[in-house]
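Going left to right, the sequence shown walks through residues 233 to 342 as our numbering numbers them. Beta carbons: idealized from backbone N, C-alpha and C, even for Gly. Here is the structure we will look at.
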Amino acid sequence: FLLGLPVPYANIGGLVPDLLPAPRGSSSSASSHSTPHAAVALALNAAQVWNYLHTYSETSRDLPKDRMKELKDSLDGAAIVYRDAISHSRKIRTESFKKGETNDISSEGE
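In structure tokens, the structure reads:
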């Protein structure tokens, strides 16, 4: 979904970085690629692509099952890495907060 609307299937898999929010304190949207917003957008986009391919494969039977399993395994592995990164980010933020540090780590995207 983009701005509350589903992304047309012709655009599936295509993330538009300029539509992501810029990091705090930055006036440039070009640096938005490194923000938590980009990670969330990519994770959601990967899930969207998987949903499309899975639905298509069950309807058409054109996609080989072994390739779909490989893709699913890759997506599952990426999801684990993503969840671990979010968990690690939360841990760092919590530790910083407990120490009284006030660095500006965005909590958005979780």
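Inter-residue Cα distance where the pair is valine 313 and leucine 274: Your numbering for residue 313 matches position 81 in the sequence shown. Your numbering for residue 274 matches position 42 in the sequence shown. So the alpha carbons of these two residues sit roughly 13 Å apart.
Would you report the Cα separation of lysine 330 and serine 321, rounded to the nearest angstrom? Walking along the sequence shown from the start, residue 330 turns up at place 98. Walking along the sequence shown from the start, residue 321 turns up at place 89. Taking the Cα positions, lysine 330 is about 14 Å away from serine 321.
Of the choices Ser292, Val281 and Pro268, whose alpha-carbon is the least far from that of isoleucine 244? Position 12 of the sequence shown holds residue 244. Looking at Ser292, Val281 and Pro268, the one whose alpha-carbon comes closest to that of isoleucine 244 is Val281.
With 16 other Cβ atoms within 10 Å as the buried cut-off, status of leucine 252: As a position in the sequence shown, residue 252 is number 20, starting the count at 1. Leucine 252 is buried by the Cβ-count criterion.
So alanine 310 and alanine 278 are supposed to be a Cβ contact under 8 Å. How far apart are they, rounded? If you number the sequence shown from 1, residue 310 lands on position 78. If you number the sequence shown from 1, residue 278 lands on position 46. Their Cβ separation, rounded to whole angstroms, is 6 Å, which keeps alanine 310 and alanine 278 in contact under 8 Å.
Could you please give the first and the last residue of the uninterrupted alpha helix (DSSP H) stretch that includes arginine 293? Translated into the one-based positions of the sequence shown, residue 293 becomes position 61. First-last for arginine 293: undefined, no H or E at that position.
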